[in-house]
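One structure is given here, and the rest of the page talks about it.
In the working numbering, the protein residues as written are 892 to 1061.
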């Protein structure tokens, strides 16, 4: 996969993540969202390249925001993606994604004691994207109970991420 394809997907994801697009151009953004998510989840080899599109905290946060708006407007109304977007960007406590200046406090945390927070964030984010692919795809492709999906996703996320922190910080 070349940079052109990755850039095209990332630009489309940013468009889908724009609340104004859903408000003022719902037909167009709905069409784009269905096509982009359909490609991301259902094209041949999708699972093997999914993490290549969302390999930075900013790209993951944009994916979470786009997925959240898709779910709220066209999908099952699952809420996990909105929470993931918030955690990625939140001021002071966020993981450093653009949007609420969380990158400032995240970087400041690196200065205090120099913990390997960037390594932890990269390992955790990559694990979440790689291991979340099939759950995300199932949510996109199937009508499901959003509350049950959210709960199962949170459980899976905790189980997946719990062992990463000790490996990085010890």
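Note that the Cβ used here is the ideal one computed from N, Cα and C, for glycine as well.
- Straight-line measurement puts the Cα of residue 906 at about 27 Å from the Cα of residue 1009.
- Taking a contact as a CB-CB distance under 8 Å, the pair residue 904 and residue 957 counts as one, their CB atoms being some 5 Å apart.
- Residue environment for residue 926: exposed (fewer than 16 other C-beta atoms within 10 angstroms of its C-beta).
- Within the model, the alpha-carbon separation for residue 959 versus residue 1016 is close to 17 Å.
- A straight line joining the alpha-carbon of residue 936 with that of residue 1028 spans about 13 Å.
- Taking the Cβ atoms as the reference, residue 1044 lies roughly 15 Å from residue 1032, outside the contact range of under 8 Å.
- Residue 953 is classed as buried because its beta carbon has at least 16 other beta carbons within 10 Å across all chains shown.
- For residue 963, the uninterrupted alpha helix (DSSP H) run begins and ends at 948–964, by DSSP.
- With a beta-carbon spacing of about 7 Å, residue 965 and residue 924 fall inside the 8 Å limit used to define contacts.
- Pairing residue 1014 with residue 1055, the inter-Cα distance amounts to about 7 Å.
- Remark: C-beta atoms of residue 968 and residue 1037 approach each other more closely than 7 Å.
- For residue 970, the secondary structure class from DSSP, reduced to helix, strand or coil, is coil.
- When C-alpha distances from residue 1018 are compared across 1053, 1039, 1006, 1041, the shortest belongs to 1053.
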